[in-house]
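A quick write-up on the structure given underneath.
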Amino acid sequence: LASLIGSSKLIVLVNKLDAHGWSEDIFNQTVESTAADLGLGVETQSIPFIPISGLHGDNLIDPSSNCPWYTGWVKQGAGGSETGKTLIDVIDIV
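This is the structure we're talking about:
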């Protein structure tokens with residue numbers, strides 16, 4: 001869908017992980033299925049997937065201590081790599 005509207009940049013927020021005890025397995029399953037769904041015309045390696053709780057604000061502005069397994073994302077660019085763990089981090093870079 002994103003490529004149809006001319007967008008080459010996506011951010012995927014995996015919400016409601018607080019309802020699943022911040023399960024790393026649930027997050028990984030969601031990333032895999034979403035990446036497969038987005039696979040047409042989109043480089044999924046370049047898409048940041050961020051586990052969040054919109055209700056509690058986890059990983060929106062500040063990194064959450066509820067998901068210590070989440071190491072963040074890395075964006076490779078011509079000037080080197082940039083990293084982040086939160087939605088605000090990725091908005092600043094994208």
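So for the sequence shown, the UniProt record's numbering puts the first residue at 1; every next one is plus one.
The beta carbon of each residue, even a glycine, is placed where N, CA and C say it ideally should be.
Taking a 10 Å sphere around the C-beta of W69, we find fewer than 16 other C-beta atoms and assign the residue as exposed.
Secondary structure note for S33: its alpha helix (DSSP H) is the uninterrupted segment E24 to L38. G77 is bridged by DSSP to G80. Of the candidates P51, D92, T83 and G80, the residue whose Cα lies closest to the Cα of S23 is P51.
Taking the C-beta atoms as reference points, P48 is found no nearer than 7 Å to I88. A straight line joining the alpha-carbon of H20 with that of V14 spans about 12 Å. As a beta-bridge residue in DSSP terms, I50 pairs with L13. Note on geometry: alpha-carbon atoms of L38 and D18 lie some 24 Å from one another.
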